[in-house]
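Reviewing the structure listed below.
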Amino acid sequence: DGSQHGNSSDSDEEEELRPRTGKRVKKTNPKLQKKGSKTAAAKGTKAPKRPPVPLFHEEQMTDADGLKDVIRNKPNSMAMAVERWWKHFVHPVTAVSAVHEIVQLIVEVSGHKDRAQRLPPSLFAEDDDVDIDSEITDLCQDCAESGVLEKHVHIGTKTGAGKQLRTNLEDFFLKFALLAPRTELVDLQHKLVSTWISALSNCSLQEIRNVATLAGMQILVGLCTVASTVGTEIANKSRLKQAQSSSNKTNKDKEARLGEELEDLINAKKMLTEEISALFASVFVHRHTDTSSEIRARCVTCLGGAIQAYGEQMMENHYLKYISWALNDKSKEVRSAALDELLEIYSAEDEGWARKLEQLTGRFKARFMDMRNDSEKDVAVKGIKLCKMLFINGEMEPEDEGWTDIYESLICEEDEVRAAAAGFVEEFYIKKQLEELYDTACKDSNDSINHKEFIMKGMVELIHRVVEDADMQDLVPIIRSFATIEDWGMQDWSLMCNLLLQEDEDEALDGEQKETLLRILTASLACCLDPDDKPKRNQKYKDTKAKATAAIVSFLPDMLTAMGTEVPKLTLLMGLVTQMDLAAITNSHKKDMDKIVAEVCDAVVKGQDASLLAAAAAALEELSAGEYPLKRMVEPAIVMLIEKLFLKLEEAKNSYLKTGKLTLTQTLWIQRLSIVNGCVDICSPEAQPQAWEAALDMLNHTAENSAQRLPNDGACLLSNFCVQSVCWRVQEALDAPVSGSTKVGELDRAVRSREEILVPLQKICNDGGQPWAVRLQAMVGACDLMQLFGVSLKDALVGEGAEEEEVLMGDVIATRSMCACEELLHDLSVMPKLPKPETWKGTTLLNKDGFREDDQDKWNLGKTTAFSNLKPLLYCLDDNGESPATPSLMASVVLQGKYNPQIHRDVTEFFRNALAKTVRVQTETLRWLQAHQMSFIRTSDAVAQYPKLDVEPMSLSIIQSINSLKDRDGTLYGDYLTNAVAWVLEDLRNVDFLSAVTVLIPRISDDTARELIGTLDEHVDAHESDMEERHAERIASFRRRLQDTLEADAASESSLGSAVKRKGKVKERIDFGHADDSDAQRSTGMRTPVKAQRSKPSKARASAARKRRVVDSDEEDEEGFVSANPRPGPKARKPAAREAADHSDSEESITY
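For the record, in the sequence shown the residue sitting at position 809 is 809 according to full-length UniProt numbering, with numbers rising by one throughout.
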């Protein structure tokens, strides 16, 4: 309001100078309007709009409400609260209480409510005897001694309430400046409230420093907004005065009054600018290098807001450079905040900023370009968007170096980064470069050029260049990243097929580019599959895929014929068949389907490449599965192919049994048979049941006759073929439309019909004369069967909702089959230094008659003994991580040993030994521990079932082994501990597990520790009323340990800062002028240019020492930017509030 801010205006003159926009309202004379006449209002059909209803009803502020109550519970009343506070502050009687209330608010919101209530009002009197620095030091010491923060919501609370509190605080202190009387605002730096806020922002306690910095920076933004408003008022007054001077009827008094008002506004703007500079020097200059990343990020965000609010003064190199420097910060939050502000600044449409932004871009161009390689996904996305914004604004040209490097982000593993890179490609490459090339080609050519074809070729060249170096095969992630793939021809399937068939034209694609185009075609077809479950969206994608299939099926036979001799292209065409919607192919395409099926079968019969055979087998699987209109027409060709494969197997068997040898051609046919059987059940009763017997006869012969062994390839292929046939029979029993005991019987018969495969596998494993590759394949097959018999059957029965007795019968089948494998795994003497397991001949103890209660001990003995035969395989993990113990076996062992004490101890020993091996083995083992250990050590359930099972020491043993690992990046520790906490909070009966994982707390990052504290606080707030005291105590103890670790790290950093100060040197510097410096990349989390995937950031921490990020106060050049040759870093600043007395305009600072 004008009167409040000491402003007056002449409404008549101002009304004339306002721009007239919109439609002029037609005025009607009420005297000429007759009764009953149809006016515009009467003609309208719409009723007058009602006043908007507020989103929620809120109680109005009362005189008894303090600032904290209003900010937390009544945010709509904050404007009233601010006006009330300024009214008290300007009054001499209540000024002391007003300052006391602001300081009390800052301390209380920081989490120290009790200490805030004990602040004496006498500290805030206008008295020179009060030593503010000393008082703040005592305040911080008292808050630190109080220990854990209060349970009420404060600025550090990681919940929705804490986030809302921070938002309300920002709004309050912004209004604090916007609604202040202008006479007070222009002299704010000399007010006691400003002195206290500045001093608190430099105190030693991070929580208070955080709130005070928030207050100071939001007031800075408010000051800039008011100064900008004053600048607008000055322009309006100047126009009014000029209009008054040029008028024929000059009013001298009015002109003089306008001159006085204009002079007052100019003085107010000058004083506000001084206030902005003073607040910037007292808060931002010291806090933008704070040890807390949250404070640094807040400083960058508020500085960006201030620059946008008052660009006339703040759009200077002196301020802009701080945002650009923040791009080198080690914290992703700070780098992300800097990019957000740069995006806002560059997207502003103020022409007066263009020249100053050109200087900024010219100085930090290399750094801006390097942000696309940031190790954090969100920051990399914003870095690419900044590059795109620079190009749109004309800040960078296509001739500049580094543009094409952004294309490499198309193959990044993160979806968001790929999408951002695709947006850049659309803007820079397609709309700019390709369109210019197209215009040039049209001018130089007499013939018309197809625009879509030209653009499509350009896209193929780009994608081929990007994926060629990375050897990337699957292009679905890249194609899906383009938001408008239809606009660039990637859903014009006919166009792509025609380009593939072009041969003799000068502009045709070369062979490698056609391979890339084939991958693009397959990927665009795969993109028609939407992972979403929404019916409408799914129907849209189904319709698109049906249209694509109808377009491709007409071209596919010609493409198969043209590329039939080129194995890579033929392999891609086989993959294209698997992506088609066969239900969309109608009778009009019968001839096309006949040719396609014939080509697929021909690829199986004539193919020799394993990749081609696998692709053709997958195409056969697609053609054999499901129901579609032309299935009956293609089935005869598939049956004939299976018969031919079986005949070749019979010929190979007869030749081998007669001569004891296999030719290369016969081995190749066995390879085709094995690969196809992985996708299509060749040995089914409906197909060729004799194929199983033929393969089994050959394996038995090679196992029994050492002089007539199969070739290595043939033996391995037949072994794999037989194991896959077992899986087909079991899967067939599981898929049978029966339930209950009938399904158990089907499973029993399926397992019994295939158990004979264990005999030749056992003999091959025990035969030391067999080649190692053959023995290893037999062991891998045995492990797969153990997983199938030991876990899959029982889990399948449980998933079917079988009764308890039926599940126990499934256990009997599984355990009997596992014990039958015992002989196969008996002799493992080929492995060096492995114990020879004892043989147990106890398969008759568990028979098909069922499970008896008195057989409980025998039941456990059977499971334990079966596991003892697997132990040697587990210990076969060598330093390279190679072992016949597949991951499925590892999971099987963990699940089987869930409640058995002996197995529990054996698995614990295995994990400890595996964790003592190389990094590769450690990583694989930890991955499985994350997935299975929670169910493996459910303390409450295990102790309830087995009272003698002491789970805690065994769990602690594994955790101590994890803690002993060296040179880890901290990510696995954080994930493991996060999963453990979530598992405990899900069932508080397992709360004792928190004491076991406490030893891992020093190995996690600070961010993970804060997230865990927030998770625990949320759970306690939600279940505080119904939580048992013991559970609450354990959670509180674990939380205290997390908090103590954070505080210890902060103390360690402070001591390191003092050490650096004493020695007068800095261990590591960042040259902000050279973004490609390796030290700078390590300290800022930058990644090397990506190929197939990006490197992960390192989070390794040491409790005694930590590398520091140093912000050098480089000498400024004539433009106000840092020098390209930075001088050595300065000494460390004085900690805490003692440095407040040494505040100056110097930018020298150091940050850990």
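In this text, a Cβ means the ideal position worked out from N, Cα and C, and glycines have one as well.
| Check | Outcome |
| --- | --- |
| Backbone CA spacing between residue 998 and residue 1041 [nearest angstrom] | 8 Å |
| Residue 389 versus residue 1036: straight-line alpha-carbon distance, rounded | 48 Å |
| Short Cβ contact (9 Å threshold) for residue 608 with residue 646 | no |
| Assigned secondary structure, residue 474 (DSSP; H/G/I helix, E/B strand, else coil) | coil |
| Residue 356 versus 380, 316, 423 and 269, residue with shortest Cα-Cα distance | 316 |
| Neighbour-count burial assignment, residue 726, 16 or more Cβ in a 10 Å radius | buried |
| Residue 374, DSSP secondary structure in three states | strand |
| Cα-Cα separation between residue 140 and residue 172, rounded to whole angstroms | 24 Å |
| Counted within 10 angstroms of its Cβ, other Cβ atoms place residue 515 as buried (16 or more) or exposed | buried |
| Sub-9 Å separation of residue 521 and residue 509 beta-carbons | no |
| Residue 1024 - DSSP class collapsed to helix/strand/coil | coil |
| Residue 482 in three-state terms, based on DSSP | coil |
| With 16 other Cβ atoms within 10 Å as the buried cut-off, status of residue 742 | exposed |
| The stretch 295-306 / the stretch 237-245 touching (three or more Cβ pairs under 8 Å) | no |
| Proximity of residue 456 and residue 492 at Cβ, strictly below 9 Å | yes |
| Residues of its chain near residue 512, where Cβ-Cβ distance is below 8 Å and the 5 sequence neighbours each way are ignored | 464 and 468 |
| Cα-Cα separation, residue 553 to residue 711 | 41 Å |
| Alpha carbon of residue 633 to alpha carbon of residue 602, nearest angstrom | 17 Å |
| Helix, strand or coil at residue 1041 [DSSP, three-state] | helix |
| Spatial distance of residue 41 from residue 226 (CA atoms) | Annotation note: pLDDT 39 at residue 41 (below 50); position unreliable, no value reported. |
| Three-state class that DSSP yields for residue 288 in the structure shown | coil |
| Residue 882 versus residue 589 - alpha carbon distance | Caution is warranted here: a pLDDT of 46 is assigned to residue 882, below 50, making its placement in the model unreliable, and the coordinate value is therefore given only provisionally. The alpha-carbon atoms of residue 882 and residue 589 are separated by roughly 50 Å. |
| Alpha-carbon to alpha-carbon, residue 668 and residue 658 | 19 Å |
| Beta-carbon proximity list for residue 230, same chain, < 7 Å, skipping 5 on both sides | 265, 268, 269 and 272 |
| Whether residue 642 touches residue 670 by CB criterion (9 Å) | no |
| Endpoints, alpha helix (DSSP H) assigned at residue 88 | 78-90 |
| Alpha-carbon to alpha-carbon, residue 293 and residue 1107 | Residue placement at residue 1107 is poorly supported in this model, since its pLDDT is 34, which falls under 50; the coordinates still yield a value, given next. Whole-angstrom Cα-Cα distance: 15 Å. |
| For residue 659, the three-state DSSP class (helix, strand or coil) | helix |
| Simplified DSSP state of residue 325, which is helix, strand or coil | helix |
| Contacts around residue 563, its chain only, beta-carbon distance under 6 Å, and the 5 residues preceding and following it disregarded | 569 and 570 |
| Distance between residue 163 and residue 1034 (C-alpha atoms, nearest Å) | 27 Å |
| Length of the line joining the Cα atoms of residue 648 and residue 606 | 13 Å |
| Distance between residue 677 and residue 557 (C-alpha atoms, nearest Å) | 25 Å |
| Residue 642 - DSSP class collapsed to helix/strand/coil | helix |
| Cutoff 6 Å; reference residue 482; Cβ partners in own chain excluding five residues on either side | 422 |
| Burial state of residue 549, where buried means 16 or more other Cβ atoms lie within 10 Å | buried |
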